[in-house]
Ligand SMILES: Cc1cc2nc3c(=O)[nH]c(=O)nc-3n(C[C@H](O)[C@H](O)[C@H](O)COP(=O)(O)OP(=O)(O)OC[C@H]3O[C@@H](n4cnc5c(N)ncnc54)[C@H](O)[C@@H]3O)c2cc1C
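Numbering (my numbering), first residue to last: 1 to 484.
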């Protein structure tokens, strides 16, 4: 890497925040996925939008490839950029809350902030930030938005994004200051111009480096009521789901979580739940009367559809009927639980709710065939986990995961990587889409784009990144070979 470039980079972000040593570079080649991090020549940790802007302008002048990293918890790997030549921007130093606006009910934070920290700050100020069951202690706000992770999550609440374009230009979207020069605060994403906020959501980070984000908040609900029932047939569960989403929005306050037979087997000490679906409805509200009424209305429908109660599940529902300040604990429990199951073949899906009955059994059948093949190759599957939840009125997000014994085995890791890729190809053939716009998943998605969609993406990308320096290897690009 050019010595002048490194000198200028150090002058912008400070000597202590630029590293080139092999140990640090090795660490950044890892991430939470089986697909890997980024092979960087240098890592910089900027502290402000201004620094990111100056760094991008410098990289643009020198045509240095740049890869952005948040929490490193992508399921499908990081953008490869140009292996061995990348400047990696680690965004996690940009972790400040810039403005908590209780009257306007918004929060503005830097994009490198870890979600659990943002959630905690919002809760402490009496506000609710919708964070679905993701690893909130590692995921950053910017990474989450770039990967469009989270099902029907937080994206709709995003009002404004500050993004640095590949040439260093700073843009602020969303109707407030930066979009409309006479506005003093961001309060509505779609006013004052086209919805460019949406353009930066789910882009994988290929259009710009997100540095600041304004999110709309809700009042923190003080009351939770849970209702947990068992069903013997998926059709009944889907009827219940349809009637639930026709009455209330499942997000943010009335999520419906469905666990399949494999998950039930793990939950029950004697494996007795292995032919059941368990439905967990969580109602969150501001008063007991309001929340009880929603719980009662839900239970009346569930009863009508033949939902069964057990003393154990009723007791669990009673324990969960408490103030929703325990999300962080639930999250830690979830991570510990999954880590204990073995090497994960994450097999997620997102599909129209109306196709669930037809398609879901095919996904489970596909998994079972692969598990049988794994067995023939000497790999032992020790757990299955099925989960689904309506992400909104129209769609269902879920997983039909498998977990394998012997985590360190390189052969097993290669097998699971192939399994994940093949599963996604299979689901694409069925017309489904996974929720994540990141790593290798972006390329699988882009392979299915229509001509018009492809042309639009290419035109926008070419216009704002003519030297193709930012997050190379996503969407339409093959991952480049070293030295390309
Ligand atoms: C065990 C596990 C379980 C998970 N479960 C869930 C779940 O239940 N629900 C869910 O929603 N998600 C889940 N996820 C996925 C996770 O939420 C997403 O992958 C999320 O996008 C990761 O955010 P990150 O900050 O770690 O991003 P990274 O992995 O660092 O980056 C992801 C992408 O975003 C880009 N990027 C990061 N920051 C920026 C920025 N500031 N500007 C521009 N581009 C940027 C990167 O270049 C990369 O392309 C899970 C992940 C793991 C490992």
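In this text, a Cβ means the ideal position worked out from N, Cα and C, and glycines have one as well.
Nearest to residue i by alpha carbon, out of the options?
i, options, result
"residue 479", "203, 80 and 278", "80"
"residue 137", "115, 120, 4 and 56", "115"
"residue 488", "30, 86, 70 and 33", "What is shown of the chain runs 1 to 484, which leaves residue 488 out entirely."
"residue 416", "33, 252 and 71", "33"
"residue 107", "426, 214 and 206", "214"
"residue 281", "105, 164 and 307", "307"
"residue 88", "100, 122 and 52", "52"
"residue 485", "246, 259, 212 and 219", "The structure shown does not extend to residue 485, since the chain is modelled only from 1 through 484, so no value can be given for it."
"residue 385", "65, 266, 406 and 102", "266"
"residue 365", "9, 402 and 442", "402"
"residue 161", "182, 188, 102 and 371", "188"
"residue 129", "295, 118 and 139", "118"
"residue 139", "247, 470, 90 and 357", "90"
"residue 313", "196, 273 and 289", "273"
"residue 475", "450, 425, 443 and 455", "443"
"residue 47", "95, 24 and 64", "95"
"residue 430", "310, 84, 351 and 176", "351"
"residue 370", "195, 361, 422 and 23", "422"
"residue 432", "342, 457, 156 and 397", "397"
"residue 232", "219, 261, 252 and 246", "261"
"residue 218", "177, 410 and 156", "156"
"residue 393", "469, 246, 293 and 68", "246"
"residue 473", "446, 453 and 456", "446"
"residue 66", "127, 167 and 159", "167"
Count the other C-beta atoms from every protein chain shown that fall within 10 angstroms of the C-beta of residue i, then say buried if there are 16 or more, exposed otherwise.
i, result
"residue 43", "buried"
"residue 210", "buried"
"residue 390", "buried"
"residue 376", "exposed"
"residue 440", "buried"
"residue 269", "exposed"
"residue 304", "exposed"
"residue 344", "buried"
"residue 271", "exposed"
"residue 60", "buried"
"residue 337", "exposed"
"residue 347", "buried"
"residue 339", "exposed"
"residue 461", "buried"
"residue 354", "exposed"
"residue 190", "exposed"
"residue 374", "buried"
"residue 434", "buried"
"residue 388", "buried"
"residue 182", "exposed"
"residue 103", "exposed"
"residue 319", "exposed"
"residue 395", "buried"
Closer than 8 Å by C-beta to residue i: which residues in its own chain qualify, once you throw out the five before and the five after it? Chain order, please.
i, result
"residue 316", "226 and 228"
"residue 147", "74, 202, 204, 436, 437 and 438"
"residue 244", "250, 254, 256, 281, 298, 301 and 390"
"residue 9", "18, 42, 44, 55, 58 and 87"
For residue i, which residues of its own chain have a beta-carbon under 7 Å away from its beta-carbon, when the five flanking residues on both sides are left out?
i, result
"residue 324", "Legend: pLDDT at residue 324 = 49, less than 50; position of this residue unreliable, value from coordinates given subsequently. If we look at residue 324 and ignore the five residues flanking it on each side, its Cβ neighbours are 221, 224 and 284."
"residue 496", "Only positions 1 to 484 of the chain appear in this structure, which leaves residue 496 out of reach."
"residue 199", "207"
"residue 112", "70, 91, 92, 93, 94, 95, 140 and 142"
"residue 195", "189"
To which residues of the same chain is residue i closer than 6 Å at the C-beta, ignoring the five residues directly before and after it?
i, result
"residue 193", "179"
"residue 19", "43"
"residue 230", "276, 278 and 308"
"residue 400", "347, 363, 364, 367 and 386"
"residue 97", "109 and 121"
"residue 154", "130"
"residue 39", "29, 83 and 84"
"residue 426", "366"
At least three beta-carbon pairs within less than 8 Å, the segment 69-80 to the segment 239-256: The segment 69-80, when compared against the segment 239-256, does not touch it at the 8 Å Cβ threshold.
Touch check for the segment 393-413 and the segment 454-469: three-plus C-beta pairs under 8 Å? no
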